[in-house]
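Protein chains in written order, with the numbering used here: chain V, 126 to 216; chain Z, 26 to 141; chain F, 4 to 159.
Positions of the beta carbon are idealized from the N, C-alpha and C atoms, including for glycine.
Structure below.
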């Protein structure tokens, strides 16, 4: 009984996901591309780099990368803190 | 070749498989695999959003002469998302290791009982 | 106690390890010119470390890769990234002060498709190195900690 309810809920969610995927705007035509056109046109002028993706990651959206570095740092510190007891037992 | 909305459908199917794993599996390692599946689906969706028909990668080094480049911002955010996904997966797996040490099982139904 | 894997795996690891390191550092170094960057190159280098750990076991690398050193290097990478973000604080946070300045990494870049100028990009190559150092040491520290935990689990 409980499994049937879960199955119905899952089919509901899956149907909505597929409906959303098929009713998206056509593949290959981004709707809002003004910002990216600016990045592509001005990467070589403003950042003097050939790779627009790296320019976006480290320059135009450096703040996002800072947050990402914080998350990575927090994860590393958490894993090391979790395994610290084992390492102390070891030595 | 016109493939329609097939990439969006693939991303939605990956997310749906991940949700299936959350709902029906009891093993913690399989739940971590489900989280990774959802992450992969979302990453694929983001990259797919930024694709332009017949576009080239947004890199000027030895670029072929084409007037269209795919959007760089979704690719940059996906790159960020992949590294965050790696870090969270490592954290989830460490939690799984410690739950197995403490309870002796990976079944989520047995984990809920308190054990000092 | 032999904690590593078989002789075949160890021999192939000795062959592949250096190549993986060189490729990873190449990806980091040319992050502003070719596909790649700090994150990807750091992940490649960390995968080389992981290969070494899996092939030789935790006992085989004892004293060579130590997690205190790795964690210190990761913090140095994070702080260097933050400091490079503060370089352009006079205009805005993460402003690229060095680009087109004529000094270090400030060379001019021809517009349109070109062969790539290495001495360009401003703070981008420096940030690539900082983030690459951070990612490679962070992931290697995670792998070492989890491997030691798993080995402890086996011996109990």
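Q) Which of the residues in the region 167 to 181 of chain V, read from start to end, lie with their CB under 7 Å from any CB of chain Z? A) Among the residues of the region 167 to 181 of chain V, those with a Cβ less than 7 Å away from any Cβ of chain Z are 169, 175, 176, 177, 178 and 181, in the order of the chain.
Q) Is it buried or exposed for residue 84 of chain Z, if we count other Cβ within 10 angstroms and need 16 for buried? A) Against the second chain, residue 84 of chain Z aligns to sequence position 59. Classification for residue 84 of chain Z: buried.
Q: Give the residues from the region 130 to 154 of chain V that approach chain F closer than 7 Å (Cβ to any Cβ), ordered along the chain.
A: From the region 130 to 154 of chain V, no residue has a Cβ closer than 7 Å to chain F.
Q: Identify, in the order they occur along the chain, each residue of the same chain with its Cβ nearer than 7 Å to the Cβ of residue 135 of chain Z, setting aside the five sequence neighbours on each side.
A: Sequence index remark: in the second chain, residue 135 of chain Z carries index 110 (1-based). If we look at residue 135 of chain Z and ignore the five residues flanking it on each side, its Cβ neighbours are 128.
Q: Work out the CA separation of residue 198 of chain V and residue 105 of chain F for me, nearest whole Å.
A: Translated into the one-based positions of the third chain, residue 105 of chain F becomes position 102. Translated into the one-based positions of the first chain, residue 198 of chain V becomes position 73. Straight-line Cα distance between these residues: approximately 34 Å.
(Q) Under 7 Å, Cβ to Cβ, is there at least one residue of chain V near residue 78 of chain Z? (A) Reading the second chain from its first residue, position 53 is the one you call residue 78 of chain Z. Yes, residue 78 of chain Z lies at the interface with chain V (some Cβ there is under 7 Å from its Cβ).
Q) What does residue 108 of chain Z touch in chain F if you count any residue whose Cβ is under 8 Å from its own? A) Here the question's residue 108 of chain Z lines up with position 83 in the second chain. Contact note: residue 108 of chain Z reaches chain F through 42, 46 and 138, using a C-beta cutoff of 8 Å and chain order.
(Q) By alpha-carbon positions, which one of V:154, V:151, V:127 and V:206 ends up nearest to residue 48 of chain Z? (A) Here residue 48 of chain Z refers to the residue found at position 23 of the second chain. Of the candidates V:154, V:151, V:127 and V:206, the one whose C-alpha sits nearest the C-alpha of residue 48 of chain Z is V:127.
Q: Run the CB neighbour count on residue 186 of chain V, radius 10 Å, all protein chains shown included, and call it buried at 16 or more, exposed below.
A: If you number the first chain from 1, residue 186 of chain V lands on position 61. Label assigned to residue 186 of chain V: buried.
Q) Is residue 63 of chain Z near the ligand ATP, in the sense that its beta carbon is under 6 Å from a heavy atom of that ligand? A) You won't find the ligand ATP in this model; it holds no ligand whatsoever.
Q) Using a Cβ-Cβ cut-off of 6 Å (strictly less than) and excluding sequence neighbours within five positions of residue 58 of chain Z, which residues of its own chain qualify? A) Counting from 1 along the second chain, the entry for residue 58 of chain Z is found at position 33. Once the five neighbours on either side are set aside, residue 58 of chain Z has no close Cβ partner at all.
Q.
For a contact defined as C-beta to C-beta under 7 Å, what are the partners of residue 72 of chain Z on chain F?
A. To locate residue 72 of chain Z, count along the second chain from 1; it is residue 47. Under the 7 Å cutoff, chain F gives no residues; its nearest Cβ is about 14 Å from residue 72 of chain Z.
**Q.** At least 3 beta-carbon pairs within less than 8 Å: the region 121 to 140 of chain F vs the region 67 to 82 of chain F
**A.** In short, these stretches touch, since the Cβ pair count reaches three.
Q | CB-CB length for residue 69 of chain Z against residue 39 of chain Z, believed under 8 Å | A | Taking the first residue of the second chain as 1, we reach residue 69 of chain Z at position 44. Taking the first residue of the second chain as 1, we reach residue 39 of chain Z at position 14. Yes, residue 69 of chain Z and residue 39 of chain Z are in contact; Cβ-Cβ is about 6 Å, under 8 Å.
Q) According to DSSP, which residues form a beta bridge with residue 84 of chain Z? A) Translated into positions along the second chain, residue 84 of chain Z becomes position 59. Residue 84 of chain Z is bridged to V:176.
Q. Taking Cβ-Cβ distances shorter than 8 Å, what residues in chain V pair up with residue 96 of chain F?
A. On the third chain, position 93 is the one that residue 96 of chain F refers to. Under the 8 Å cutoff, chain V gives 187 and 188.
Q) In the structure shown, what three-state DSSP assignment does residue 126 of chain V receive? A) Here residue 126 of chain V is taken as the residue at index 1 of the first chain, counted from 1. Here residue 126 of chain V sits in coil by DSSP.
Q: Compile a chain-ordered list of the residues in the region 40 to 67 of chain Z whose CB is closer than 8 Å to at least one CB of chain V.
A: Hits within the stretch, in order: 40, 41, 44, 45, 48 and 49.
Q | Neighbour list for residue 102 of chain F in chain V, Cβ cutoff strictly below 9 Å | A | Within the third chain, numbered from 1, the residue matching residue 102 of chain F stands at position 99. Here the neighbours are 171, 172, 173, 174 and 184.
(Q) Against residue 104 of chain Z, what residues of chain F qualify as contacts under a CB-to-CB distance less than 8 Å, listed in chain order? (A) For the purposes of this step, residue 104 of chain Z is identified with residue 79 of the second chain, where counting begins at 1. By Cβ distance, chain F contributes 40, 42 and 43.
Q | Rounded C-alpha distance that separates residue 78 of chain Z from residue 144 of chain V | A | Within the second chain, numbered from 1, the residue matching residue 78 of chain Z stands at position 53. Within the first chain, numbered from 1, the residue matching residue 144 of chain V stands at position 19. For residue 78 of chain Z and residue 144 of chain V, the distance between alpha carbons rounds to 23 Å.
Q.
How far does the alpha helix (DSSP H) with residue 43 of chain Z in it extend, from its first residue to its last?
A. Residue 43 of chain Z sits at position 18 when you count from the first residue of the second chain. Per DSSP, residue 43 of chain Z belongs to the alpha helix (DSSP H) from 31 to 49.
Q) Which class does residue 117 of chain F belong to by DSSP, given the choice of helix, strand or coil? A) For this step, residue 117 of chain F is matched to residue 114 along the third chain. Three-state DSSP puts residue 117 of chain F in a strand.
Q.
Please confirm whether residue 36 of chain Z has its beta-carbon closer than 7 Å to some beta-carbon of chain F.
A. On the second chain, position 11 is the one that residue 36 of chain Z refers to. So, not an interface residue.
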